[in-house]
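Note that the sequence shown covers residues 78 to 287 in the numbering used here.
The beta carbon of each residue, even a glycine, is placed where N, CA and C say it ideally should be.
Here the structure is a predicted model, which means the values were calculated and not measured.
Before any comments, here is the structure.
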Amino acid sequence: MVNLSKRLSILQPKLLDLRHGKGAHVLPSAPAPQLVHVFLRYPRRHGLKPDARTDGAHQFGTRYLPRLKYHNPKLKVDIKTDGNTHAPMKLMLDKGKSKKPTADDDEVVIKDKPESGLGLQSNTPVYSRSVTLSINSKSHWEIWQWFKRRTGAEAAPMTDADAKLKHKINKHKHQAEIDRQRSQVIGAQLQQERAALDKAKKASERLLAE
């Protein structure tokens with residue numbers, strides 16, 4: 078059985094990253110317009126090699142949105158990866174109870190019932206404002222900056238406990254890097270010593286053979 082301290086050393090950095098990594102933001106609370114739904118669509122990645130056209134969307138969906146959802150549990154997040162490489166790539170945001178235009182790419186949507194194609198639930202407001210970004214070939218940073226501007230999301234505040242944990246993790250990483258460099262130096266010295274011993278051994282064997 079793996080030692081508990083080792084498990085914690087693996088789990089704690091992951092939990093801290095979930096709480097304060099890329100995308101760990103809190104959406105504005107009422108009376109500001111509430112973001113109720115995020116819909117991301119992009120072609121499915123083929124193979125392990127990143128695709129410049131879709132990599133930004135892939136990174137945004139796998140790295141940013143899980144952390145955003147963690148801090149905003151009521152937010153509905155849908156990610157659709159399409160097998161059709163020519164499928165439209167877009168990030169769509171639905172804001173409920175917002176009738177005031179905020180940009181040229183906003184569209185007022187009046188829904189009589191949920192749209193199953195987007196996976197909207199019955200609690201979605203009848204009046205909502207939809208804003209869409211074409212994400213073709215955009216980096217995850219560009220997508221995220223646009224998202225923050227349009228939603229007003231702010232970084233999740235760090236608690237004292239998380240600040241101490243972050244300091245502890247960074248300290249361990251720093252010490253691990255020192256140990257790694259020290260190990261490399263020792264390894265190089267051992268190789269040099271072995272090479273010198275082999276050279277001396279061969280020289281003595283030649284002298285004995287003469």
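Take the alpha-carbon of P120 and the one of L210: they are about 15 Å apart.
Collapsing the DSSP output to three states places A232 in a strand. Membership of R118 in the beta strand (DSSP E) is indicated by the continuous run 111-120. Its Cα nearest to that of H97, the residue R144 stands out among Q269, L152, R144, A265. When the five nearest sequence neighbours on each side are left out, the beta carbons in the same chain lying within less than 8 Å of the beta carbon of H249 are those of S86, in order along the chain. Apart from the 5 residues on each side of it in sequence, I156 sits with its Cβ closer than 6 Å to the Cβ of L117, G138 in its chain, given in chain order.
Under a 10 Å Cβ-count criterion, A240 is classified as exposed, with fewer than 16 other Cβ atoms of the shown protein chains found around its own Cβ. In the structure shown, S281 adopts helical secondary structure according to DSSP, grouped into three states. Our two residues, L93 and Y147, have alpha carbons roughly 12 Å apart in a direct line. Around the CB of T236, fewer than 16 other CB atoms lie within 10 Å, so the residue is classed as exposed.
By the Cβ-count criterion, T228 is buried, with 16 or more other Cβ atoms from all chains shown falling within 10 Å of its own Cβ. For the pair K126 and L104, the Cα-to-Cα distance works out to about 33 Å. Under the DSSP definition of a beta bridge, D159 partners with P120. Taking a contact as a CB-CB distance under 8 Å, the pair M166 and T131 counts as one, their CB atoms being some 7 Å apart. In the DSSP assignment, L168 forms a beta bridge with L117, L210. Q111 counts as buried, since no fewer than 16 other beta carbons sit within 10 angstroms of its beta carbon. Judged by beta-carbon spacing, K215 lies within the 9 Å limit of G133, meaning their Cβ atoms are closer than that value. If you draw a 10 Å sphere on the C-beta of V262, you find fewer than 16 other C-beta atoms in it, and that means exposed.
Per DSSP, Y141 lies in no alpha helix (DSSP H) segment and is marked neither H nor E. Between L142 and V113, the CB-CB gap reaches or exceeds 9 Å.
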